[in-house]
Amino acid sequence: MSLNRTAVAGRYAHALFELLSEKDQLETVYPELQELRRVFQDNPQLGTVLSDASLQAADREKLIGHLTDSASPYVKNLIQMVYDYGRMDAMVDIIDQFQALYDELHQIVYAQVTTAVELSADQKDQIAAAYAQRVGAQKVVLDSQVDPTIIGGVVVQSAGMILDGSLKTKINKLRSRLLV
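Numbering of the sequence shown is given in my numbering, commencing with residue -8 and proceeding in unit increments.
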């Protein structure tokens, strides 16, 4: 029975996370993994090419060499192991799942903030601090977008939760109460 890509990625990510935690290397290797993910995201066919048997082994080995040249021993080992098992197309998923474990350990939450106008850096910091306190996080990473149709206020979306403090929603609620 073959495991799906998510299960495979979870196993690799968990094993790497445990190893790096045990060796006290999480903070050292984390940025390197982020860079490796960027390489695979910037070259979307790279994982497929490295997993494809139709490409000559020598050519695949050369590409692997470019990835491992300046890598730490831990990342080098990860790349080599994932390559050896023909799972290079799962590398981004592995790093994504590793990041989820890292974020959980460090209590980092990601949220999308929608406002009617562009927020200043100070306003973003205030929203992030208030949201972090509300959800019990150490850090909130905000992705901000502008949507003039909400008229005013703030809508925060994170991990399936929506906090809607927009004027549009408040007006619609008031309208529905008045029409009943």
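Every residue, glycine too, gets a C-beta built ideally from N, C-alpha and C.
Kindly identify the DSSP beta-bridge partner or partners of residue i.
i	result
Y101	V132
T140	None; T140 has no bridge partner.
S149	M152
Helix, strand or coil for residue i, going by three-state DSSP, please let me know.
i	result
M(-8)	Any reading at M(-8) must be qualified, since the residue scores a pLDDT of 48, below 50, and its modelled position is unreliable; no value is offered.
L158	helix
Y86	First, the amino acid is wrong: residue 86 is Ile here, not Tyr. Three-state DSSP puts I86 in a helix.
S111	coil
Whole-angstrom Cβ separation of residue i and residue j, contact assumed at under 8 Å?
i	j	result
L46	I55	Their Cβ separation, rounded to whole angstroms, is 11 Å, which puts L46 and I55 out of contact at 8 Å.
F8	M82	With 8 Å as the limit, F8 and M82 do not qualify as a contact, their Cβ atoms being about 15 Å apart.
S61	V20	Incorrect: roughly 13 Å between the Cβ atoms, too far for contact.
D134	V146	The Cβ separation is near 12 Å, so there is no contact.
L10	Y93	Actually they are not in contact, since the Cβ atoms of L10 and Y93 sit about 13 Å apart, beyond 8 Å.
A102	S149	4 Å
Would you say the beta carbon of residue i comes nearer than 6 Å to a heavy atom of the ligand PLP?
i	result
Y76	The ligand PLP is not part of the structure shown, which contains no ligands of any sort.
Meets three-Cβ-pair contact criterion under 8 Å: the stretch 105 to 118 and the stretch 55 to 71: no
Sequence ranges, alpha helix (DSSP H) only - wholly within the stretch -3 to 69, length at least 4: 17 to 33, 37 to 42 and 48 to 59
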